[in-house]
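Chemist: The sequence shown begins at 1 in full-length UniProt numbering and counts up by one.
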Amino acid sequence: MESRQEVMVSPVGDSQPTVRIAHFLKPSVPFNDPLISEVPSSYLPSPSVFDLKKWLLSVKLIGWPGTPRKWIHWVDSMHSTYQSLWKKVGIYDAIMGTKCHFLKDEDLIFGIAERWCSETNTFLFPWAEATITLEDIMILGGYPVLGDSVHKPLETQGLKTIEEKLILARQETRRTAARKASLHHWMTIFMNSGREIEHEAFLVAWLSIFVFPGKSFLVNTIVFPIAIHLARGTAIALAPAVLASIYRDLSLLKQTMVALTRNVADASVEEHLQLELRSLFYLVQIWVWERFVVLQPKPKLINHGNPVIGRWDRVKALKIGDVRSVIDSAMDDFVWRPYAIFASKHRLFYAENSMWVPLDHPLDNEIMSFIIWMRISELVGLDCIERYLPHRVSMQFGIDQDIPGSVTLINEAPEIAWNYYVRPITDSKVYIPSRFFEPDVTTRYVEWWKECVQGHQDPVKNLVQRKRSPRTWKKRNNDANTQPGFPPKYRKSSSFGSSSGFLLERSESNQIGVFSSPFATGKTDVSVANGADISAEKKNLIEDGGPKCDMKTKEMSSFAFATDHGTIGQVDSQMKPLVEIETETSIAGLQEAVEKENGNQGSQQSSLAYYRVNLSWIEEDNSDAFDMFVVDLESRISKVERMLAELKQ
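Spelled out as structure tokens, the structure:
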């Protein structure tokens, strides 16, 4: 993570640009780097409405099982004895969530899958980039991000003996007419049996049905070691494995849809394709419900302590005619941090005040989980390895967004990928944003995203079965506050692992956090100062059939972007120097800081924060610098106006 002064704007264009201290996830593209992160070539829109019957595709969602009554009874019977163990290894919510039933909305699933990009493992919308993260898998699914790998072997003879007993029990289930290791028969044998390995058998059933489902509702032997470790109190990081399988299946579904779109040009193609997806796709649908307000049915109320996913138990989906068009225009209604409402259950993740947490002492699981959510890694699944690039979607963690830097991950053996996932933490501290903070984007990100998305050509648009107009940005009204590519906003009322890494490096920036009161402004880290020159020259490159966006640095005012929408006058007035009101929340020594800054008046403050007034911008010795800044800005404005006049001629 890094902190620096930047010109920031709201991602929905509902505010004036602000120069402040912003926080970013690494890596972001340096200002002097001519190589700019690209919009990947797999950004291929499918037909506006994907009809399964019309496109001769049947999709079987194996990872969307029903919930047998027998299973619910088994969960209830095991709960009192093993709930403390389940909480210890981080699977309590995941197990209790299996008592829920989620109604399927295939149109929603295929609508969101059209926007999937397998090169970045993100959804590319016309207005921004987003994805399913480890936070979603942990908070929604209840799966832990911490623990050992799902490939952890059984190392002692005692553990291997238990595995042998499970293997023998599986053979027992095959003594039926079907000659298959049915999970129904497995539950009949073990449920309330009091057998020595009943708990291990229970966890095998849970893993086989609800975590790593296979074909035909069968007992999956590959989960035996995982079940044995969990039963012995050894935590296993299930979240990265679950997310890896979701990424894999989203890519498979998207590739199939694109292939069918291209084949429609050949009228002789009548082959009916069957696709089986084994990942937990119900989490994809619920991810959409949590974040897209316009697609969200009314959730249920849940009691404190119940799994978050219980909000969607047996909830019926809305009837949406064209999911894609709704998603493409949903920027105003996209919720970047939907789980902040569960602050009482996850106090540290969604704190009331922004804070810097020092990493010079043993960390608890919440801090470790938060760090894992936000750092680049490779996700090790049972049969796949996928890239995890949270720096592309940092606003989902309450962190500001800059142009994401390119990342090269090897995706080699599971052992190598896992060592990268658990590499040591090298930062001295980590920034946790307030749950009230609304992150912004840099102005160069606005320009980059607009250039890349608007300049992209749909290579299959002539193959669709119904005519559609090319995608263009439209201003909803003459709102001068709107930034390019963002329509006006409408709002409804320390170390672990064994290998080293390069991410989350120690920040060289000022160690003092600069914040504003979230109660007063709803924002944090506000600071007004000189604007830095920001790069602006861009062009599209086409390589191997895929669009790329290149931005090179040249001298240009950071406010020049406003000329596109005639907002220079407003930017000029908005960017005048202001008095800074800064706060910092600290973990240790907070009371001493309050007393030092405010004498004995610390009791008058409403939160654990202290305020420091910085008048540097209105001090006499800086007045000349400010005057020069205004003159320079006016000169640049005049130059841009002359250029626009010449272009009109």
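We treat Cβ as the ideally placed atom computed from N, Cα and C, and that holds for glycine.
Rounded to whole angstroms, what's the CA-CA distance from Ile-162 to Trp-373? Just pull it up for me.
Modeler: Residue numbering aside, residue 162 sits at position 162 when the sequence shown is read from its first letter. Residue numbering aside, residue 373 sits at position 373 when the sequence shown is read from its first letter. So the alpha carbons of these two residues sit roughly 34 Å apart.
Chemist: Using the Cα positions of Thr-98 and Ser-193, report the straight-line distance between them to the nearest angstrom.
Modeler: Translated into the one-based positions of the sequence shown, residue 98 becomes position 98. Translated into the one-based positions of the sequence shown, residue 193 becomes position 193. Between Thr-98 and Ser-193, the C-alpha separation is close to 21 Å.
Chemist: Rounded to whole angstroms, what's the CA-CA distance from Gly-501 to Arg-392? Just pull it up for me.
Modeler: Along the sequence shown, one-based indexing puts residue 501 at 501. Along the sequence shown, one-based indexing puts residue 392 at 392. Its pLDDT being 31, under 50, Gly-501 is placed unreliably by the model, and the measurement read from it follows with that caveat. Rounded to whole angstroms, Gly-501 to Arg-392 spans 19 Å at the Cα level.
Chemist: What first and last residue would you give for the beta strand (DSSP E) that runs through Met-355?
Modeler: Position 355 of the sequence shown, counting from 1, holds the residue named residue 355. Start and end: 355 to 358.
Chemist: Let me know if Ile-385 comes out buried or exposed under the rule of 16 or more other beta-carbons within 10 Å of its beta-carbon.
Modeler: For this step, residue 385 is matched to residue 385 along the sequence shown. The residue in question, Ile-385, is buried, as its Cβ has 16 or more Cβ neighbours within 10 Å.
Chemist: Please give me, in chain order, every unbroken run of the alpha helix (DSSP H) with length at least 4 that falls completely inside the segment 221 to 254.
Modeler: Correct list: 224 to 231.
Chemist: Indicate the three-state DSSP secondary structure (helix, strand or coil) for Glu-129 in the structure shown.
Modeler: As a working mapping, residue 129 is identified with position 129 in the sequence shown. Three-state result, Glu-129: strand.
Chemist: Taking only three categories from DSSP, how would you classify Leu-166?
Modeler: Working through the sequence shown from its first residue, we reach residue 166 at position 166. Leu-166 falls in the helix class under three-state DSSP.
Chemist: Please check the pair Ala-351 and Ser-434, which I expect to be a contact at CB under 8 Å, by giving their CB distance rounded to whole angstroms.
Modeler: For this step, residue 351 is matched to residue 351 along the sequence shown. For this step, residue 434 is matched to residue 434 along the sequence shown. Contact holds; Cβ gap of about 6 Å.
Chemist: Compute the Euclidean distance between the alpha carbons of Leu-207 and Pro-225, then round it to the nearest angstrom.
Modeler: Taking the first residue of the sequence shown as 1, we reach residue 207 at position 207. Taking the first residue of the sequence shown as 1, we reach residue 225 at position 225. Those two C-alpha atoms are separated by around 11 Å.
Chemist: Could you tell me the boundaries of the alpha helix (DSSP H) in which Ile-286 lies?
Modeler: In the sequence shown, residue 286 corresponds to position 286, counting from 1. Taken as a continuous stretch (DSSP letters only), the alpha helix (DSSP H) holding Ile-286 covers 282 to 291.
Chemist: For Val-219, which three-state DSSP category applies?
Modeler: Position 219 of the sequence shown, counting from 1, holds the residue named residue 219. If DSSP states are grouped into helix, strand and coil, Val-219 belongs with coil.
Chemist: Where does Glu-6 sit, in a helix, a strand or coil, going by DSSP?
Modeler: Taking the first residue of the sequence shown as 1, we reach residue 6 at position 6. Strand.
Chemist: Going by C-alpha to C-alpha distance, which of Leu-280, Ser-149, Arg-195 sits closest to Leu-230?
Modeler: As a working note, residue 230 is residue 230 in the sequence shown. Of the listed residues, the one whose Cα sits closest to Leu-230 is Ser-149.
Chemist: For Leu-56, report the span of its alpha helix (DSSP H) as first-last.
Modeler: Along the sequence shown, read from residue 1 onward, the residue named residue 56 stands at position 56. Element bounds for Leu-56: n/a, residue is neither H nor E.
Chemist: Measure the alpha-carbon distance for Val-294 versus Val-204 and round it to whole angstroms.
Modeler: In the sequence shown, counting from the first residue as 1, residue 294 sits at position 294. In the sequence shown, counting from the first residue as 1, residue 204 sits at position 204. Their backbone Cα atoms lie some 39 Å apart in a straight line.
Chemist: Buried or exposed for Thr-120, going by 16 or more other Cβ atoms inside 10 Å?
Modeler: Here residue 120 refers to the residue found at position 120 when the sequence shown is read from its first residue. Classification for Thr-120: buried.
Chemist: Between the alpha carbons of Val-9 and Ser-15, how many angstroms are there, rounded?
Modeler: Translated into positions along the sequence shown, residue 9 becomes position 9. Translated into positions along the sequence shown, residue 15 becomes position 15. In a straight line, the C-alpha of Val-9 is about 7 Å away from that of Ser-15.
Chemist: Please state if the CB of Ile-95 and the CB of Trp-86 are separated by a distance shorter than 7 Å.
Modeler: Here residue 86 refers to the residue found at position 86 of the sequence shown. Here residue 95 refers to the residue found at position 95 of the sequence shown. Yes. Within cutoff.
Chemist: With C-beta atoms as the reference, is Gly-398 less than 7 Å away from Phe-437?
Modeler: Indexing the sequence shown from 1 puts residue 398 at position 398. Indexing the sequence shown from 1 puts residue 437 at position 437. Closer than 7 Å, so yes.
Chemist: Suppose the cutoff is 7 Å on Cβ atoms and the five residues either side in sequence are ignored; what does the same chain contact list for Leu-318 look like?
Modeler: Taking the sequence shown and counting its residues from 1, the one referred to as residue 318 is at position 318. These residues qualify, in order along the chain: Leu-295, Pro-297.
Chemist: What residue from Leu-644, Lys-450, Tyr-92, Val-640 has the CA that sits closest to Ala-128's CA?
Modeler: Locating residue 128 in the sequence shown gives position 128, counting from the first residue. Ranking Leu-644, Lys-450, Tyr-92, Val-640 by Cα distance to Ala-128 puts Lys-450 first.
Chemist: Determine, using beta carbons only, whether Phe-123 and Thr-131 come nearer to each other than 7 Å.
Modeler: If you number the sequence shown from 1, residue 123 lands on position 123. If you number the sequence shown from 1, residue 131 lands on position 131. Yes, the pair counts as a contact, with Cβ atoms nearer than the cut-off.
Chemist: Assuming contact is defined by CB atoms lying nearer than 7 Å, are Leu-108 and Val-315 in contact in what I supplied?
Modeler: Position 108 of the sequence shown holds residue 108. Position 315 of the sequence shown holds residue 315. Result no, Cβ atoms of Leu-108 and Val-315 do not sit closer than 7 Å.
Chemist: Once DSSP output is grouped into helix, strand and coil, what is the label at Trp-86?
Modeler: Translated into positions along the sequence shown, residue 86 becomes position 86. If DSSP states are grouped into helix, strand and coil, Trp-86 belongs with the helices.
Chemist: Run through DSSP, which three-state label would Thr-156 get?
Modeler: To locate residue 156, count along the sequence shown from 1; it is residue 156. In the structure shown, Thr-156 sits in coil (DSSP, three-state: anything other than H, G, I, E or B).
Chemist: What runs of the beta strand (DSSP E), each 3 residues or longer, lie entirely inside the segment 184 to 210?
Modeler: Runs of the beta strand (DSSP E) inside the segment 184 to 210: none found.
Chemist: Does the beta-carbon of Glu-290 have 16 or more other beta-carbons within 10 angstroms, so that it is buried, or is it exposed?
Modeler: As a working mapping, residue 290 is identified with position 290 in the sequence shown. So Glu-290 counts as buried.
Chemist: If you drop the 5 nearest sequence neighbours on each side, which residues of the same chain put their C-beta closer than 7 Å to that of Ala-244?
Modeler: Taking the sequence shown and counting its residues from 1, the one referred to as residue 244 is at position 244. Around Ala-244: Leu-379, Val-380, Gly-381, Cys-384, Ile-385, Glu-386.
Chemist: For the segment 413 to 433 against the segment 274 to 287, are there 3 or more C-beta pairs whose distance is under 8 Å?
Modeler: Taking 8 Å as the limit for Cβ pairs, the verdict is that the segment 274 to 287 does not touch the segment 413 to 433.
Chemist: Identify every residue that forms a DSSP beta bridge with Ile-385.
Modeler: The count along the sequence shown starts at 1 and reaches residue 385 at position 385. According to DSSP, Ile-385 bridges with Val-380.
Chemist: For Ser-80, count neighbouring C-beta atoms within 10 Å of its own C-beta (all shown protein chains included) and say buried if the count is 16 or more, exposed if not.
Modeler: Within the sequence shown, the letter at position 80 stands for residue 80. Ser-80 comes out exposed.
Chemist: Using the C-alpha atoms, what's the distance from Ala-181 back to Glu-172?
Modeler: Working through the sequence shown from its first residue, we reach residue 172 at position 172. Working through the sequence shown from its first residue, we reach residue 181 at position 181. Glu-172 and Ala-181: Cα-Cα distance of roughly 8 Å.
Chemist: Check each candidate in Pro-338, Val-335, Lys-345, Ile-286 and name the one with the smallest Cα separation from Gly-305.
Modeler: Here residue 305 refers to the residue found at position 305 when the sequence shown is read from its first residue. When only C-alpha atoms are compared, the closest one is Lys-345.
Chemist: Rounded to a whole number of angstroms, what is the C-alpha to C-alpha distance between Val-12 and Met-331?
Modeler: For the purposes of this step, residue 12 is taken as residue 12 along the sequence shown, with counting starting at 1. For the purposes of this step, residue 331 is taken as residue 331 along the sequence shown, with counting starting at 1. Approximately 7 Å between the Cα atoms of the pair.
Chemist: What's the call for Thr-156, buried or exposed, on a 16-neighbour Cβ count within 10 Å?
Modeler: On the sequence shown, position 156 is the one that residue 156 refers to. With fewer than 16 Cβ atoms within 10 Å of its Cβ, Thr-156 is classed as exposed.
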